[in-house]
Amino acid sequence: MTEIALEQTHAPRSGIFTIAALQKAVAFVVLIALLLFFSFASENFMQWSNVVNILQATAVNGVLGVACTFVIVSAGIDLSVGTLMTFCAVMTGVVLTFWGLPMWAGILAALTTGALCGTTSGLIIAKLKIPPFIATLGMMLVLKGLALVISGVKPIYFNDTPNFSLISPDSSITNLFPNLEIPNGVFVMFTVAIVASIILNKSILGRYVFALGSNEEAARLSGVNVDFWKVVTYALGGFICGIAGLLISSRLNSAQPALGQGYELEAIAAVVIGGTSLSGGRGTILGTIIGAFIMSVLNNGLRIMSVEEQWQIVVSGIIIIIAVYVDNILRRKS
Amino acid sequence: MAGRNTKEAGAAKSGSQDRAAQAKPLVELRRVEKFFPGVHALSNAHLDLYAGEVHAVMGENGAGKSTLMKILTGVYQPDSGEIVVEGRPVNVPGPRAAQELGIGIIHQELYLMNHMTAAQNIYIGREPRRGFGMFVDEARLNADAKALFKRMKINIDPADEVGHLTVARQQLVEIAKALSFNSKVLIMDEPTSALNDTEVEHLFAIIADLKAHGVGIVYITHKMDEVKRIADRITVMRDGQTIDTLPAAGTPISKIISLMVGRDLADATRAGGKSGDEEVLRVSGLNCGAAVRDVGFIVRKGEILGFAGLMGAGRTEVARAIFGADTIEGGEIHVHGERRNIRSPADAVKLGIAYLSEDRKRFGLVTPMSVRDNITMASWPRYTASKLWMRDGALRKTSAEYVDLLKVKTPSVEQETRLLSGGNQQKIVIAKWLLRDCDILFFDEPTRGIDVGAKAEIYKLLQGLAEQGKAIVVISSELPEILRLSHRIIVMCEGRITGELDGKTATQEAIMTLATQRQGIAASEERAIQ
Numbered sequence: 014m015t016e017i018a019l020e021q022t023h024a025p026r027s028g029i030f031t032i033a034a035l036q037k038a039v040a041f042v043v044l045i046a047l048l049l050f051f052s053f054a055s056e057n058f059m060q061w062s063n064v065v066n067i068l069q070a071t072a073v074n075g076v077l078g079v080a081c082t083f084v085i086v087s088a089g090i091d092l093s094v095g096t097l098m099t100f101c102a103v104m105t106g107v108v109l110t111f112w113g114l115p116m117w118a119g120i121l122a123a124l125t126t127g128a129l130c131g132t133t134s135g136l137i138i139a140k141l142k143i144p145p146f147i148a149t150l151g152m153m154l155v156l157k158g159l160a161l162v163i164s165g166v167k168p169i170y171f172n173d174t175p176n177f178s179l180i181s182p183d184s185s186i187t188n189l190f191p192n193l194e195i196p197n198g199v200f201v202m203f204t205v206a207i208v209a210s211i212i213l214n215k216s217i218l219g220r221y222v223f224a225l226g227s228n229e230e231a232a233r234l235s236g237v238n239v240d241f242w243k244v245v246t247y248a249l250g251g252f253i254c255g256i257a258g259l260l261i262s263s264r265l266n267s268a269q270p271a272l273g274q275g276y277e278l279e280a281i282a283a284v285v286i287g288g289t290s291l292s293g294g295r296g297t298i299l300g301t302i303i304g305a306f307i308m309s310v311l312n313n314g315l316r317i318m319s320v321e322e323q324w325q326i327v328v329s330g331i332i333i334i335i336a337v338y339v340d341n342i343l344r345r346k347s
Numbered sequence: 403m404a405g406r407n408t409k410e411a412g413a414a415k416s417g418s419q420d421r422a423a424q425a426k427p428l429v430e431l432r433r434v435e436k437f438f439p440g441v442h443a444l445s446n447a448h449l450d451l452y453a454g455e456v457h458a459v460m461g462e463n464g465a466g467k468s469t470l471m472k473i474l475t476g477v478y479q480p481d482s483g484e485i486v487v488e489g490r491p492v493n494v495p496g497p498r499a500a501q502e503l504g505i506g507i508i509h510q511e512l513y514l515m516n517h518m519t520a521a522q523n524i525y526i527g528r529e530p531r532r533g534f535g536m537f538v539d540e541a542r543l544n545a546d547a548k549a550l551f552k553r554m555k556i557n558i559d560p561a562d563e564v565g566h567l568t569v570a571r572q573q574l575v576e577i578a579k580a581l582s583f584n585s586k587v588l589i590m591d592e593p594t595s596a597l598n599d600t601e602v603e604h605l606f607a608i609i610a611d612l613k614a615h616g617v618g619i620v621y622i623t624h625k626m627d628e629v630k631r632i633a634d635r636i637t638v639m640r641d642g643q644t645i646d647t648l649p650a651a652g653t654p655i656s657k658i659i660s661l662m663v664g665r666d667l668a669d670a671t672r673a674g675g676k677s678g679d680e681e682v683l684r685v686s687g688l689n690c691g692a693a694v695r696d697v698g699f700i701v702r703k704g705e706i707l708g709f710a711g712l713m714g715a716g717r718t719e720v721a722r723a724i725f726g727a728d729t730i731e732g733g734e735i736h737v738h739g740e741r742r743n744i745r746s747p748a749d750a751v752k753l754g755i756a757y758l759s760e761d762r763k764r765f766g767l768v769t770p771m772s773v774r775d776n777i778t779m780a781s782w783p784r785y786t787a788s789k790l791w792m793r794d795g796a797l798r799k800t801s802a803e804y805v806d807l808l809k810v811k812t813p814s815v816e817q818e819t820r821l822l823s824g825g826n827q828q829k830i831v832i833a834k835w836l837l838r839d840c841d842i843l844f845f846d847e848p849t850r851g852i853d854v855g856a857k858a859e860i861y862k863l864l865q866g867l868a869e870q871g872k873a874i875v876v877i878s879s880e881l882p883e884i885l886r887l888s889h890r891i892i893v894m895c896e897g898r899i900t901g902e903l904d905g906k907t908a909t910q911e912a913i914m915t916l917a918t919q920r921q922g923i924a925a926s927e928e929r930a931i932q
């Protein structure tokens, strides 16, 4: 109403003093604190083999978290990422084991399946106007069922394609640095994160994702084809789930059709802990990756301290609530 | 007989003082003043209401009627002034307190919970309980509501879900709710806006019954015919002040209108220059729900066309329908002489049509995003490399140019738009459409929420755009604004165009007359004014 604004605005530019940066920092500080705590609590924690375990364990959740970040920043939600990942893995199994096609065909199968299923979710949301929560809840069950049907409720092993382990558990980097036994899956995750970060921040899609999440109606009235960009957002999320499907099936050397449900909540938790707002318009890929690491460090550390698994789950839940609470407080201060 | 006549004449002449001798007013508001940040909403507003009286409160949009009613019902606290109920000065700290004082209000928009029953709505928050207060006594709840409806002589099943009732019946439920507090004072804010003629008659019958039972009614309306029919006295407000209180009988409508608008126009310069002849937009037979009925008009190049009317006249809906934001039921739109189908805002934008909403924060800007992104939003695809990557450098450069051009006050183009003032936000939205090469611009309340200095700047900007050959439609509820800017003025009332005036010769009175010209009563009223 009046010219109140100008004084209080020493522009929150991209910098270390922005709220977004602070949130990333909060998540980062939590991560460091957890690492320090577990290092002192157990000498096994910082063993190289355990660090590799943590990295390996983060890969799948990290990639799924990245998929969810796009959707959540656009003010949507995707509950189907876990079972979509499994469905993609099963389709890879079909191509590699049932049909005996070469490895590239299996990879392509997972990625196209992911993108197509994501497109379907997007179309249901944009064209049928079904709320994302319900649309992807439906997709979650449909894909879970289809994975079981197609696989015949049995794991599909990739014994005919020995090279498939290159995707995740193998460590190609040992060819260069023999002592650095980091599995390829970890590099896949970081690559996905970096590319996704560039897409979110630098591409026209990313810009529309933020605009949709901040104020969809204003974007629509600006002449933006919001339906189209919504579909693209979910399609990209689905594509990334395809990558997660490759990671998990490579690591298990099989497509496990019963797996998958529950992964979506872990992924959403990573996104939220990383400071992305569930109401959309705000979020970072880096935050999500840090969030995914917090979850896996927590699980790993508590296990090493011989905390019962039941209690690990309790602690994870508490961490999620605290993360969102801190997020709210910081937001109110801004 | 003679005695009664003189008494009435006396009351008619000097209003409250004479009546005060006989009875104390039910409610009196004295010298009420209210400030909002940057706005002096009420200064020296007063109103008195007697038992068994219908007291109409009239005034233009923004005259302060609603604010005054919100003070009476405890929604706002006055900054100074007195509220006197039956001779006692009182505080009304909240809506609950108003209810306890016997002051009820029926809002213009209905505040009902659609998924609950009529009875549950009426007694929400004070349900009869049973079983140690743990359960709602549904039977008594429904019986109470039924008794209430019976008293009002209306036939609504208390167990019906409110969402299933017609709007008129929902209104009756609101009235029942207000009556259930045993209100002695009932405020009705444009109660007939959603009712048809039969329903209006029913409402008037209920009002007559309430009067007979000694309830005092404050009746807010824009509709002159209603006032003439049911009001005993009329208070006219303007610019936050009570201008006059008159007896309804014997006061000509023209007098009321001139009291409502009587603002000095001295400072407002009229639209200068001459508009072009080239027709850029022709709309005919446009229909969109009840809000837009058979609307047709043309806009020419270099012209500012004003759309005047009262709130709810359908002007915003016309703009939204043309822009493709709402689905139209019929009508033709010609852009630059060609018939076009506009199904979405994206279609409209491609044809160079832009709509600047009155609610910038909701519909105009993505406020958490930067000035740069907001100015360029409608043009992003033009600023990409290989159709994929944003060229942020180019975005920055272009938006900086527009920031200079429109003199937007912002520390940088990276500033979040939510941190800018209203006037600067409006300039950002204008820049967005200029950058997108739009040449038909609909401005909906272009200066709402913008302070006086910035207003003049926006006016200059609009006039400059028209001179450059843009076709501009300005929707405004502020008559001086319409008169100052428009080459031609179209006036709407209840979804229809009721007249067109020349910008040079139009007067506020002429606009108000057309704006209140409901179908049917139009002709006779117009004659009365002339």
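First to last, the sequence lines map onto chains H and Y.
The working numbering runs 13 ahead of the 1-based position in the first sequence.
The working numbering runs 402 ahead of the 1-based position in the second sequence.
Backbone N, C-alpha and C define an ideal beta-carbon position, used for all residues, glycine too.
The structure presented is a predicted model; accordingly, all values stated were derived computationally and were not measured.
- Straight-line measurement puts the Cα of K472 of chain Y at about 37 Å from the Cα of V339 of chain H.
- Annotation: the continuous beta strand (DSSP E) that includes L707 of chain Y extends over 706–711.
- F845 of chain Y does not reach chain H, its nearest Cβ partner there being about 14 Å away, counting only Cβ pairs nearer than 7 Å.
- Using a CB distance below 7 Å, the part of the stretch 798–818 of chain Y facing chain H consists of K811, P813, S814, E816, Q817, E818, ordered along the chain.
- Below the 9 Å Cβ cutoff, chain H contributes no neighbours of G716 of chain Y, its closest Cβ being approximately 19 Å away.
- Bounds of the beta strand (DSSP E) holding T644 of chain Y are 643–649.
- The CB of T786 of chain Y comes closer than 7 Å to the CB of I217 in chain H, given here in chain order.
- The C-beta of A721 of chain Y comes no closer than 8 Å to any C-beta of chain H.
- Counting only residues of its own chain and dropping the five nearest sequence neighbours on each side, E279 of chain H has a CB closer than 6 Å to the CB of N74.
- Among the bridge pairs identified by DSSP, A458 of chain Y is matched with Y:Y621, Y:I636.
- Look at the stretch 226–242 of chain H: the residues with a C-beta under 8 Å from a C-beta of chain Y are S227, N228, E230, A231, A232, R233, L234, S235, G236, V237, N238.
- The beta carbon of Y478 of chain Y does not come within 8 Å of any beta carbon belonging to chain H, so the residue lies off that interface.
- Positions of the beta strand (DSSP E) runs, each at least 3 residues long and wholly inside the stretch 461–510 of chain Y, are given as 482–487, 490–492, 505–508 in order along the chain.
- In the DSSP assignment, the residues bridged to H442 of chain Y are Y:F437.
- The secondary-structure analysis by DSSP pairs M590 of chain Y across a beta bridge with Y:I508, Y:Y621.
- Chain-ordered, the chain Y residues with CB closer than 7 Å to the CB of G294 of chain H read P770.
- The alpha-carbon of N214 of chain H is positioned some 33 Å away from that of P848 of chain Y.
- Segment contact: the stretch 213–229 of chain H against the stretch 770–787 of chain Y, three or more CB-CB distances shorter than 8 Å; contact assigned.
- Taking all protein chains in view, the Cβ of V682 of chain Y is crowded by 16 or more other Cβ atoms within 10 Å, so the residue is classified as buried.
- Among the residues of chain Y, none has a CB under 7 Å from the CB of R316 of chain H; the nearest is roughly 40 Å distant.
- Taking all protein chains shown into account, M536 of chain Y has fewer than 16 neighbouring C-beta atoms within 10 Å of its C-beta and is therefore exposed.
- When C-beta atoms of the stretch 122–132 of chain H are compared with those of the stretch 247–255 of chain H, three or more pairs fall below 8 Å, so the two segments count as touching.
- Going by DSSP, F83 of chain H is part of the alpha helix (DSSP H) stretching over 61–86.
- Looking only at H:A38, H:L47, H:V42, H:F41, the smallest Cα-Cα distance to V310 of chain H is reached by H:L47.
- Only those residues of the stretch 753–782 of chain Y whose C-beta falls short of 8 Å from the nearest C-beta of chain H are listed: Y757, S759, R764, F765, G766, L767, V768, T769, P770, M771, D775, M779, A780, W782.
- Excluding its 5 nearest sequence neighbours in each direction, R717 of chain Y has C-beta neighbours in its own chain below 7 Å: F709, G711, I877, M894, listed in chain order.
- Chain order gives the chain Y residues near F223 of chain H as M771, where near means a beta carbon separation below 7 Å.
- Taking the CA atoms as reference points, R920 of chain Y sits about 57 Å from I334 of chain H.
- DSSP places S235 of chain H outside both helix and strand once states are collapsed to three, so it counts as coil.
- Of the candidates Y:K625, Y:A570, Y:M662, the residue whose Cα lies closest to the Cα of T600 of chain Y is Y:A570.
- In this structure E902 of chain Y is in contact with R890 of chain Y, their Cβ atoms being roughly 6 Å apart against a cut-off of 8 Å.
- The C-alpha of E628 of chain Y lies about 19 Å from the C-alpha of V587 of chain Y.
- Our two residues, L661 of chain Y and V638 of chain Y, have alpha carbons roughly 7 Å apart in a direct line.
- Cβ atoms of T105 of chain H and L259 of chain H come within 8 Å of each other, at about 7 Å.
- Per DSSP, the continuous alpha helix (DSSP H) segment holding H604 of chain Y begins and ends at 599–614.
- Beyond the five residues adjoining it in sequence on each side, Y478 of chain Y comes within less than 8 Å, by CB distance, of K436, T469, K472 in the same chain, given in chain order.
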